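The opening position of the sequence shown corresponds to residue 0 in numbering that gives the first Met the number 0, with each subsequent residue numbered one higher.
Written out below as structure tokens is the structure these notes cover.
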Amino acid sequence: MSGNGVVWERVRSRLRAFPERLAACGPEAAAYGRCVQASTAPGGRLRRDLCAQEFEALRSCFAAAAKKTLKGGR
């Protein structure tokens, strides 16, 4: 099963690249964090879907990062 080592090396390289790709989502993560923080400030009430637009942008960015990682793209 010498080919098995090749597969695991490929998996490891993808996992190593993932945090770097997620770092590209910083603006989306910051926008979502600001929305949640503003909603939970004194007097604020966090409600379902209040930050849905920001969350969707962050989720889309994470999905794109994961897709790049799986394809091995840069």
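C-beta atoms are modelled at their ideal positions from N, C-alpha and C, and glycine is treated no differently.
Model, not experiment: these values are computed from the prediction.
- Query: DSSP on residue 21, reduced to helix/strand/coil?
  - Reply: The residue you call residue 21 lines up with position 22 of the sequence shown. Residue 21 falls in the helix class under three-state DSSP.
- Task: To the nearest angstrom, report how far apart residue 56 and residue 21 are at their CA atoms.
- Result: Residue numbering aside, residue 56 sits at position 57 when the sequence shown is read from its first letter. Residue numbering aside, residue 21 sits at position 22 when the sequence shown is read from its first letter. Cα to Cα, the separation comes out at about 13 Å.
- Message: Here's the rule I'm using: 16 or more other beta-carbon atoms within 10 Å means buried, otherwise exposed. How should residue 64 be labelled?
- Response: One-based indexing of the sequence shown puts residue 64 at position 65. Result: buried.
- Task: Less than 8 Å between the CB atoms is what I'm expecting for residue 24 and residue 60, so what's the real figure, rounded?
- Result: Counted from its first residue, the sequence shown places residue 24 at position 25. Counted from its first residue, the sequence shown places residue 60 at position 61. With 8 Å as the limit, residue 24 and residue 60 qualify as a contact, their Cβ atoms being about 4 Å apart.
- Message: In this structure, how does DSSP classify residue 34 when only helix, strand and coil are distinguished?
- Response: As a working note, residue 34 is residue 35 in the sequence shown. It is helical.
- In chain order, what residues of the same chain have a beta carbon less than 8 Å from the beta carbon of residue 45, not counting five sequence neighbours either side? Stepping through the sequence shown from its first residue, residue 45 is reached at position 46. Once the five neighbours on either side are set aside, the close Cβ partners of residue 45 are 35, 38, 39.
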